[in-house]
Amino acid sequence: MSANEHRSTAGNTPVNVHIVVVSSSRTLQSDTGGAAAVELFEKGGHTVLGRTLVADDQAAIQAEISKQAKVASVVLLTGGTGISAKDVTPEAVIAVCDRTLPGFGELFRTLSYQQVGAAAWLSRSIAGVLGSTLVVAVPGSEAGCRLAVEKVLLPELGHVLSELTKEGARAAKPAAPATKAEKAPAAPSKKVEEAPTLPPPTGSLGRLGKAAPSLETSGEGIVAAPPSEETLPTGWKRAVYELQGTVEVGGWPALPEDLEKIAPVVDVLHRSGKRGTLKLPNGRSYALFGFPDLEAASSRVLAIGDGSPLGEVIALHRFPTKTGTCVDNGGLVAPRLGAAATAEAVTGRAPADTSGEMLAVQSDHVWIQRGTRAIRWDGVRERDEGTVKQALATLVLEWSQR
């Protein structure tokens, strides 16, 4: 079927639109770009459900996209598509969407070139699909919004949404988090990884070294030889081996209640390809989320367990580098103590302000909690990462991807 035939078949069915204004400086009253988009959509016969304001914060933008995609057929974001350090809207769209539509940005920049010349290539306008919802990010200027909506979106909107809502043609939206009554796996779990007998674990991924299991003996003598370095598991499975853990795959594992309330964190976990549970000899258990699965040793695997003040999140795939959050009740990475000693050990230098407690660590950075804020320290400078929950959402996204 030709493009014209597709367009004719789809018609101009009214759709629901929500507009998200991304800015840390504008208000809804001073936002001319979003207001112009409202005008154009309504003139085209569509319904604008609302217009909300979100700061230039990737986690907050992702949360707003996920929230509005549940009720709107189109989520239009205005602002944050430039090249400055604070412009993170495209990153949020890529992270939350099932797939992107490169043609939108290509056409927008082509048309923009006719208006602003070579400066058009500085725009990072982008579109993507979340379930059956179209997500579009455009500049915050009135001219940019008018160009995107009038010349690019409206002419093909009916066609696009008819394709996204075809039975069997759309990518399913991430399922809502299971309720407590639904968390039991639908089918019996399948055990896929059980570590051999080892000496007592050190109890901390940050202090683990090469394991040297003792030989098993019987009346017939030695029946098991110690594994060589070449035969030991690698990647995240090596961390499981060192911890003497058992992994069971299947179902949606229980999450700490505080993390279940952080929408961007749950959104990332729903994009995992396989989930399971890690059980340790000391009785502690962790929910496992594999990106893309829990089969390959090279998969990126997050382990999430109970903790205080927030749940514990560990990037198992970064073993032997300690990477994860610090909790009060004896976590696997680093204790939640004063920041100075750990910051110096990880980055080579403690910050001038040693107040606060450890929040998270990775190979070359630490995060320090001071009040409700999360401060990132790399040994040279401090950077405010927003609230603790915002920083945690950003870390979960980053660790699931690298």
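When we follow this note's numbering, the leftmost residue of the sequence shown carries the number 25, and every step to the right adds one. We put the beta carbon where it would ideally sit given N, CA and C, even for glycine.
Burial state of residue i, where buried means 16 or more other Cβ atoms lie within 10 Å
{"i": "Pro375", "result": "buried"}
{"i": "Ala384", "result": "buried"}
{"i": "Arg299", "result": "buried"}
{"i": "Gln414", "result": "buried"}
{"i": "Leu421", "result": "buried"}
{"i": "Lys261", "result": "buried"}
{"i": "Ile399", "result": "buried"}
{"i": "Trp401", "result": "buried"}
{"i": "Leu232", "result": "Bear in mind that a pLDDT of 30 at Leu232, under 50, signals an unreliable position, so the number given afterwards is only what the model happens to contain. The residue is buried, with at least 16 neighbouring Cβ atoms inside 10 Å."}
{"i": "Thr102", "result": "buried"}
{"i": "Ala311", "result": "buried"}
{"i": "Gln393", "result": "buried"}
{"i": "Arg426", "result": "exposed"}
{"i": "Ile107", "result": "exposed"}
{"i": "Leu181", "result": "buried"}
Where residue i falls: helix, strand or coil (DSSP)
{"i": "Phe343", "result": "coil"}
{"i": "Gln92", "result": "helix"}
{"i": "Glu381", "result": "strand"}
{"i": "His389", "result": "coil"}
{"i": "Ile286", "result": "coil"}
{"i": "Arg407", "result": "strand"}
{"i": "Trp276", "result": "coil"}
{"i": "Ser186", "result": "helix"}
{"i": "Val39", "result": "coil"}
{"i": "Gly127", "result": "helix"}
{"i": "Leu419", "result": "helix"}
Other residues of its chain near residue i: CB distance less than 6 angstroms, five sequence neighbours each side excluded
{"i": "Ser387", "result": "Thr345"}
CA-to-CA distance, residue j to residue i, given in whole angstroms
{"i": "Arg405", "j": "Arg295", "result": "33 angstroms"}
{"i": "Gln92", "j": "Ala151", "result": "15 angstroms"}
{"i": "Val290", "j": "Arg373", "result": "34 angstroms"}
{"i": "Arg170", "j": "Glu130", "result": "16 angstroms"}
{"i": "Ser47", "j": "Ala327", "result": "34 angstroms"}
{"i": "Arg407", "j": "Gly259", "result": "30 angstroms"}
{"i": "Leu334", "j": "Val351", "result": "7 angstroms"}
{"i": "Gly331", "j": "Arg123", "result": "33 angstroms"}
{"i": "Arg31", "j": "Gly68", "result": "Per-residue confidence for Arg31 stands at a pLDDT of 47, beneath the threshold of 50, marking its modelled position as unreliable; the derived number appears in the next sentence. Their Cα atoms are separated by approximately 15 angstroms."}
Closer than 7 angstroms to chain D by CB, residue i
{"i": "Pro359", "result": "Absence of chain D from the displayed structure is noted, only one protein chain being present."}
Proximal residues to residue i (C-beta, below 8 angstroms), its chain only, five neighbours per side dropped
{"i": "Leu112", "result": "According to the sequence shown, residue 112 is Val rather than Leu. Around Val112: Asp80, Asp81, Gln82, Ile85 and Gly104."}
{"i": "Thr396", "result": "Thr411 and Val412"}
{"i": "Leu135", "result": "Leu171, Lys175 and Val176"}
Cβ-heavy atom distance, residue i to the ligand FAD, below 6 angstroms
{"i": "Thr105", "result": "What this structure holds is no ligand at all, so the ligand FAD is not there to describe."}
Sufficient close CB pairs (3 or more, under 8 angstroms) joining the segment 111-131 to the segment 158-167: yes
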